[in-house]
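Every letter in the sequence shown is one number past the one before it in the UniProt record's numbering, and letter 24, counting from 1, is 24. Report on the structure given below.
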Amino acid sequence: MKNYIQPGENITLAAPDAVTSGDGVLVGSLFGVAHGNAASGADVVLATVGVFELPKVSADDIAVGAKVYWKDSTSDVTSTATGNTLIGQAVSAAGNPSNAVRVRLSV
Numbered sequence: 001m002k003n004y005i006q007p008g009e010n011i012t013l014a015a016p017d018a019v020t021s022g023d024g025v026l027v028g029s030l031f032g033v034a035h036g037n038a039a040s041g042a043d044v045v046l047a048t049v050g051v052f053e054l055p056k057v058s059a060d061d062i063a064v065g066a067k068v069y070w071k072d073s074t075s076d077v078t079s080t081a082t083g084n085t086l087i088g089q090a091v092s093a094a095g096n097p098s099n100a101v102r103v104r105l106s107v
């Protein structure tokens, strides 16, 4: 195909803020996990597909298979849809309290 660009599992974008390798990054409604460190405005490669362990809102009780959302104001995964961005599904249970959940990125 003459209009094919790339597979899309990894996207290079300008970091909206300074990021560290492994950080969740939201640019508009596009979410990915940073491959490396980047200063605000610098290019960063984001993984947009895969399973990642990400920080979560400690009080949330998340079941396997539940839809999960990115709470950009605190850089955490949450089970609350309102005001947050859908990023995928939980592939591990994460009860209250816990600080992380494994997420399969997909939207």
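The beta carbon of each residue, even a glycine, is placed where N, CA and C say it ideally should be. Since the model is a prediction, treat every value here as computed from it, not as a measurement.
If we call anything under 8 Å between Cβ atoms a contact, is residue 97 one with residue 76? no
Nearest residue (CA-CA) to residue 51, options 60, 3, 10, 90: 90
I need the straight-line Cα distance from residue 49 to residue 58, nearest angstrom please. 24 Å
Rounded to whole angstroms, what's the CA-CA distance from residue 36 to residue 13? Just pull it up for me. 12 Å
For the candidate residues 45, 29, 5, whose alpha-carbon lies nearest to that of residue 15? 45
Residue 89, enclosing beta strand (DSSP E) - first and last residue: 85-90
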